[in-house]
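Engineer: Going by my numbering, the sequence shown opens with residue -18, and the numbers climb by one from there.
Ideal Cβ positions, reconstructed from N, Cα and C, are used throughout, including at glycine.
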Amino acid sequence: MVSDPAQTAALRPRIIDALRKVFDPELPVNIYELGLVYDVIVDRSATVGIRMTLTAPACPAAQSLP
């Protein structure tokens, strides 16, 4: 558990860097630059939430997301 605000704030850019390495399976663009990620939230306990959308309502990749 991370309780230091500086450490939790430092997680957000690292998470965004990781998201930039995730590419849409049908397009040669990462999901962050494509605009599919709306927000990255890191709370005080370092729990991460990612608010995002898919490229299409029937996107087959949706089945592989938790």
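Which residues bound the beta strand (DSSP E) around Ile(-3)?
Structural biologist: Segment -14 to 0 is the alpha helix (DSSP H) holding Ile(-3); no beta strand (DSSP E) there.
Engineer: Per DSSP, which one or two residues make a beta bridge with Asp24?
Structural biologist: DSSP lists no partner for Asp24.
Engineer: Judging by CA-CA distance, which residue of Ala39, Gly30, Asp20, Asn11 is the nearest neighbour of Leu0?
Structural biologist: Asn11
Engineer: Would you call Val18 buried or exposed, if buried means 16 or more other Cβ atoms sit within 10 Å of its Cβ?
Structural biologist: Looking at its Cβ environment, which holds 16 or more other Cβ atoms inside 10 Å, Val18 is buried.
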